[in-house]
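Visitor: Note that my numbering has the sequence shown beginning at 5, numbered continuously upward.
Handing you this structure, nothing more for now.
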Amino acid sequence: MALTQIDFDSFQTAHNVIVEKRCDGFFLSAAESVRRYYLPTKPLSSCLTIPKRFCLPLRIDMTLLMPQPGLHLLLGEGHISFGTQADNRSLSDIIEPDNKKPKHYYNRTSLDKDNEITVLYGLKFMQIIINGKTCYFSKKEKYMRAPLFANMNKAGFELKIGTDKFAEVVIKKMTVEEYDTEPNAIPITNEILSANVIISKGVKATFEDCIVLLSPMLQEEIKKTDQFLLNNKEFKIKRKIEGDQFGCKITYTSSVHGFSYALVIHEHLMHHFYWWYMLSNYKFEEKYMGRKNDLTNHVLKSVYELSPETADRLVGYYDKCNGCGQSCTVKTIYELNGKKFVSCHGKMGMNMNLQTFSDLRFMLDIQKDILTTKS
5 MALTQIDFDS
15 FQTAHNVIVE
25 KRCDGFFLSA
35 AESVRRYYLP
45 TKPLSSCLTI
55 PKRFCLPLRI
65 DMTLLMPQPG
75 LHLLLGEGHI
85 SFGTQADNRS
95 LSDIIEPDNK
105 KPKHYYNRTS
115 LDKDNEITVL
125 YGLKFMQIII
135 NGKTCYFSKK
145 EKYMRAPLFA
155 NMNKAGFELK
165 IGTDKFAEVV
175 IKKMTVEEYD
185 TEPNAIPITN
195 EILSANVIIS
205 KGVKATFEDC
215 IVLLSPMLQE
225 EIKKTDQFLL
235 NNKEFKIKRK
245 IEGDQFGCKI
255 TYTSSVHGFS
265 YALVIHEHLM
275 HHFYWWYMLS
285 NYKFEEKYMG
295 RKNDLTNHVL
305 KSVYELSPET
315 ADRLVGYYDK
325 CNGCGQSCTV
335 KTIYELNGKK
345 FVSCHGKMGM
355 NMNLQTFSDL
365 RFMLDIQKDI
375 LTTKS
């Protein structure tokens, strides 16, 4: 039996990882964290690598604070995600990950207190425990019967940690315990819940119903944004509500101008995104797949003139294009101050940070003036 206390100073960083050693632990975030577990290679581009390999059976224990989720633990070819919402690929096998098929578990974490996480990779079982409750248990993982397992286990598996873009995670303690013999599973004393990764069906919730489980501060920012969008008649917005607080999407669409904004909510977690959306039946630049309008460059330039800091943050919200397809039709090139950046779908992806809402309203206020002038 070997117990390894993870020394965070020994981590090897890669690609836009943000790290800071603090008095309360090791802060981890990412300026660009592309989480695409449906891709066969490089599913997470921003991560830390521990310069040691580990053999099964093993146990990983972590104590962490995660006010802005999510966190990803990568062992070998597989991964486990924590605190991610609407995530139908929160699990994959350490030897034979089949990322084309959804696989998920109930991975909710607390936002305002320490989370105690335990992962057991046994030879005959796998178990995930979050805050004292078993969230996943299986005796049928592919690695348990994989022909390559013996040799790969002898060589040891690489361990990595990464976060979503702009997540805020403080890792206070992390240990890896390797066993000489198969350990016992931790007794399961709770009902193992199923993850809800889709919009709730068959319900007609109100706006207030959908946001009720979010923090009061988040609710206030969402209400401000809702009123801003609906009260500005220049936008010609139509609001659509699908589902409830357990799986909800609130969409604001301006079909006249060609942009939309949406919030995706699952219990106490949410994210939101904005874009000038593409239409498959709309002919643009001699091909069918285009936008009715796209004022992004004009809007960013105007924002920069009033607040360079806000403009820089807005550029940071855009999902970067990573060449996931050879014949991509949604790669979008924007420019600010002579610097070009390539965005996937031209979409801005934002998390639960309150600043994202005020930045969005600032941008939309300028966009409103531009649309009014054009009219």
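We put the beta carbon where it would ideally sit given N, CA and C, even for glycine.
From a predicted model like this one, the values you see are computed outputs, not experimental measurements.
Can you name, in chain order, every residue of its own chain whose Cβ lies under 7 Å from the Cβ of P55, other than the five neighbours on each side?
Guide: Taken in chain order, the residues that qualify are S14 and Q16.
Visitor: Which class does Y322 belong to by DSSP, given the choice of helix, strand or coil?
Guide: Strand, per DSSP.
Visitor: Which residues share a DSSP beta bridge with Y281?
Guide: Answer by DSSP bridge pairing: none, since Y281 is not bridged.
Visitor: If you run the structure through DSSP and keep just helix, strand and coil, what is A199?
Guide: Coil at A199, not helix or strand.
Visitor: In chain order, what residues of the same chain lie with their CB nearer than 7 Å to the CB of E162, ignoring the 5 residues before and after it?
Guide: Excluding residues within five positions, the ones whose Cβ falls inside 7 Å are T53, R57 and G80.
Visitor: Considering only the alpha carbon of each residue, which of M356, M66 and D248 lies closest to M221?
Guide: Taking only the C-alpha atoms, the option nearest M221 is M356.
Visitor: Work out the CA separation of Y147 and Y281 for me, nearest whole Å.
Guide: Looking at the two C-alpha atoms, the distance is approximately 41 Å.
Visitor: Residue range of the beta strand (DSSP E) that T179 falls in?
Guide: That run of the beta strand (DSSP E) goes E172 to E182.
Visitor: If you follow the beta strand (DSSP E) that D248 is in, where does it begin and where does it stop?
Guide: It spans K242 to D248 - the beta strand (DSSP E) in which D248 sits, taken as one unbroken run.
Visitor: Please name the residue, chosen from N194, L32 and H276, that lies closest to F141 on a Cα-to-Cα basis.
Guide: Out of N194, L32 and H276, N194 has the C-alpha closest to the C-alpha of F141.
Visitor: Can you grab the Cα-Cα spacing for the pair V260 / L375, in whole Å?
Guide: V260 and L375: Cα-Cα distance of roughly 11 Å.
Visitor: Applying the 10 Å Cβ sphere with the 16-neighbour rule, what's the burial state of N111?
Guide: Under this definition N111 is a buried residue.
Visitor: Would you check if the distance between the CB atom of F51 and the CB atom of I165 is smaller than 8 Å?
Guide: The question names Phe, but residue 51 in the sequence shown is Cys. For C51 and I165, yes; Cβs fall inside 8 Å.
Visitor: Beta strand (DSSP E) containing N111: first to last residue?
Guide: Element bounds for N111: n/a, residue is neither H nor E.
Visitor: Using three-state DSSP, classify F263 as helix, strand or coil.
Guide: Residue state, collapsed to three classes: strand.
Visitor: If you draw a straight line from the C-alpha of Y322 to the C-alpha of G247, how long is it?
Guide: Their Cα atoms are separated by approximately 26 Å.
Visitor: Give me the residue from F239, N200 and N236 with the minimum Cα distance to F250.
Guide: Closest by alpha carbon: N200.
Visitor: Between which two residues does the beta strand (DSSP E) carrying R448 extend?
Guide: Lying before the first or after the last residue shown, residue 448 is absent from the chain, which here runs from 5 to 379.
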